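Quick note, the sequence shown lines up with residues 269 to 593 if you use my numbering. Read through the structure below, which is laid out as C-alpha cells, and then see the notes.
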Amino acid sequence: MVQSMTNTDTRDVRSTVNQIRELEEVDCELVRVAVPDVEAARAITEIKKGIAIPLVADIHFDYRLALLALEAGADGLRLNPGNIDEAEKVKAVALAAKEREVPIRIGVNAGSLPKARNPKLSIAERMVEAALGQIRLLESLDFDLIKVSLKAFDVPTMVEANKSLAGKIPYPLHLGVTEAGTPRRGVIRSAVGIGTLLYMGIGDTIRVSLTTHPCEEVIAGYEILKSLDLRQHGPILVSCPSCGRAEVDIVKLAAEVEEQLLKINKPVKVAVMGCVVNGPGEARDADVGIACGKGKGVIFRKGKKVGVVAEKDFLTALMREVETL
Ligand code: SF4
269 MVQSMTNTDT RDVRSTVNQI RELEEVDCEL VRVAVPDVEA ARAITEIKKG
319 IAIPLVADIH FDYRLALLAL EAGADGLRLN PGNIDEAEKV KAVALAAKER
369 EVPIRIGVNA GSLPKARNPK LSIAERMVEA ALGQIRLLES LDFDLIKVSL
419 KAFDVPTMVE ANKSLAGKIP YPLHLGVTEA GTPRRGVIRS AVGIGTLLYM
469 GIGDTIRVSL TTHPCEEVIA GYEILKSLDL RQHGPILVSC PSCGRAEVDI
519 VKLAAEVEEQ LLKINKPVKV AVMGCVVNGP GEARDADVGI ACGKGKGVIF
569 RKGKKVGVVA EKDFLTALMR EVETL
C-alpha cells in the first residue's frame, strides 16, 4: 500500500480534508495525520466524514491523545516507543485499540531511540531492539494487530534494521527513509532504501517522505512499485536521454508527454525516442511510441508502424494514440 502524511494543521478540518482528497485523487491508499493535541485528536471525527481512505493518527509523547484518537474514529495508530516509554501507558492504548480492532504501528525512528541497554549495539540493532520490546509488550496483552516501521535517514541503517527484523517477526512492515529531503534527493534515497527491501520481498506499506506536497510522495511511491513490477499504476514513460544524433528537442517533447500522461489512468507504456537509430526498437516495444527524425516522426502502436507525422504534430498524434488505445 502507498501511504502519505498530511502537512496541514489537523485541527483545520477543511484544509486537512481537502489535502486528503487531493491525495485520494493520486490514489493514496492510507493517510497519516499528526495529532499534537486534544483538538487535533477530536478533529479526526469530522475529517473522517469527508474522506474515503483509512486514517492513521500519529501520536507522540502523550498516550491520552492515542485514546482520544481512537474514540474519534482513527483507523490506525502510530506510536513511537522512543517517546511513550511507560509500559502502563502503552498498555492502556493497546487495550482500547483491541476493543475497537484498530491496528497499531510501532514506529521506530533512528533519531529518537530509547536508551540502549547495551551501548555496543549499532543503531540498526538498537532500532530492532526497541521494536521487539514494544512487540513483546503488545503480545503480552494479547494484541496482534501490529505493524512495524524502522526508519532512518541513513539508507544502509534502514535496510539493515528492516532486514534483521523481518526475519524475527510475523507482522507487516511499513518502509520509509525518514527525512529523506527535497524531491530530487529524497526520491533517490527512498527508492534505494525502499526498493532494496521490496526487491528482497520485505515490506507491506511504503511512504516516500519528501519535503514537498504529499501528492508527490504518492506519485514517487508508485514509481518505485512500478519499477519493480510490483504494481501497475497509470502510464510508464520510456524516453531516451537524447544525444548528438537527435534532430528534435526530445527533452522538451518528453516533458510535455509526461505532463499529458498525468491525466491518463490506464497502465500504458509510452516511448518517446529521439532518432531513427535506437528509437524504432524501443518505440515498437511500447504500447505506443514515437521515433523522431528530422521534421517528422514515426508513430508505433503495439509494435506496428501506424503513421508518420510532422514535427508540429508529435505531441497531439502520440497522445491521440494513447487515448484511443
Ligand atoms: S534514441 Fe537516438 S537520440 Fe535518443 S539517445 Fe538513443 S541514439 Fe541518441
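For each residue, glycine too, the CB sits at the ideal point set by N, CA and C. This one's a predicted model, so the numbers in the text were calculated from it and none came from an experiment.
Residue nearest to residue i in terms of C-alpha spacing, selected from the options
{"i": "residue 466", "options": "495, 379, 587 and 378", "result": "495"}
{"i": "residue 371", "options": "346, 301, 522 and 355", "result": "346"}
{"i": "residue 311", "options": "290, 321, 333 and 292", "result": "333"}
{"i": "residue 300", "options": "531, 571, 542 and 473", "result": "473"}
{"i": "residue 328", "options": "343, 341, 322 and 357", "result": "357"}
{"i": "residue 381", "options": "283, 394, 547 and 592", "result": "394"}
{"i": "residue 338", "options": "354, 426 and 366", "result": "366"}
{"i": "residue 493", "options": "400, 471 and 483", "result": "471"}
{"i": "residue 520", "options": "579, 450 and 417", "result": "579"}
{"i": "residue 408", "options": "425, 443 and 360", "result": "360"}
{"i": "residue 498", "options": "389, 309 and 535", "result": "535"}
{"i": "residue 261", "options": "386, 384, 383 and 491", "result": "The structure shown does not extend to residue 261, since the chain spans only 269 to 593, so no value can be given for it."}
{"i": "residue 354", "options": "390, 402 and 373", "result": "402"}
{"i": "residue 373", "options": "411, 383 and 384", "result": "411"}
Rounded separation between residue i and residue j - CA only
{"i": "residue 314", "j": "residue 273", "result": "17 angstroms"}
{"i": "residue 375", "j": "residue 286", "result": "26 angstroms"}
{"i": "residue 433", "j": "residue 419", "result": "12 angstroms"}
{"i": "residue 331", "j": "residue 588", "result": "55 angstroms"}
{"i": "residue 296", "j": "residue 486", "result": "6 angstroms"}
{"i": "residue 406", "j": "residue 362", "result": "7 angstroms"}
{"i": "residue 341", "j": "residue 469", "result": "32 angstroms"}
{"i": "residue 564", "j": "residue 461", "result": "42 angstroms"}
{"i": "residue 316", "j": "residue 277", "result": "15 angstroms"}
{"i": "residue 638", "j": "residue 489", "result": "What is shown of the chain runs 269 to 593, which leaves residue 638 out entirely."}
{"i": "residue 344", "j": "residue 541", "result": "46 angstroms"}
{"i": "residue 537", "j": "residue 570", "result": "10 angstroms"}
{"i": "residue 511", "j": "residue 559", "result": "14 angstroms"}
{"i": "residue 379", "j": "residue 397", "result": "14 angstroms"}
{"i": "residue 577", "j": "residue 500", "result": "30 angstroms"}
{"i": "residue 293", "j": "residue 279", "result": "22 angstroms"}
{"i": "residue 415", "j": "residue 527", "result": "36 angstroms"}
{"i": "residue 586", "j": "residue 546", "result": "18 angstroms"}
{"i": "residue 438", "j": "residue 404", "result": "12 angstroms"}
{"i": "residue 351", "j": "residue 284", "result": "25 angstroms"}
{"i": "residue 522", "j": "residue 573", "result": "20 angstroms"}
{"i": "residue 444", "j": "residue 581", "result": "42 angstroms"}
Sub-8 angstroms separation of residue i and residue j beta-carbons
{"i": "residue 567", "j": "residue 575", "result": "yes"}
{"i": "residue 303", "j": "residue 325", "result": "yes"}
{"i": "residue 319", "j": "residue 282", "result": "no"}
{"i": "residue 550", "j": "residue 539", "result": "yes"}
{"i": "residue 392", "j": "residue 429", "result": "yes"}
{"i": "residue 450", "j": "residue 421", "result": "no"}
{"i": "residue 441", "j": "residue 417", "result": "yes"}
{"i": "residue 369", "j": "residue 323", "result": "no"}
{"i": "residue 423", "j": "residue 457", "result": "yes"}
{"i": "residue 593", "j": "residue 553", "result": "no"}
{"i": "residue 464", "j": "residue 427", "result": "yes"}
{"i": "residue 483", "j": "residue 513", "result": "no"}
{"i": "residue 335", "j": "residue 364", "result": "yes"}
{"i": "residue 269", "j": "residue 298", "result": "yes"}
{"i": "residue 386", "j": "residue 348", "result": "no"}
Check whether the segment 501–515 touches the segment 476–483, counting contact only when three or more Cβ pairs, one atom from each stretch, lie closer than 8 angstroms.
no
Identify every run of the alpha helix (DSSP H) within the segment 506–544, keeping only runs that are complete inside it and at least 4 residues long; order them along the chain.
518–529
Just list the alpha helix (DSSP H) runs in the segment 467–501, keeping only unbroken ones of 4 residues or longer that don't cross its boundaries, in chain order.
482–495
Return the chain-ordered ranges of every beta strand (DSSP E) run that is complete within the segment 372–442 and spans a minimum of 3 residues.
372–377 and 414–419
Runs of beta strand (DSSP E) lying entirely within the segment 316–371, each at least 3 residues, in chain order:
323–327 and 344–347
Completely contained beta strand (DSSP E) runs for the segment 439–464, where each covers 3 or more residues:
441–443
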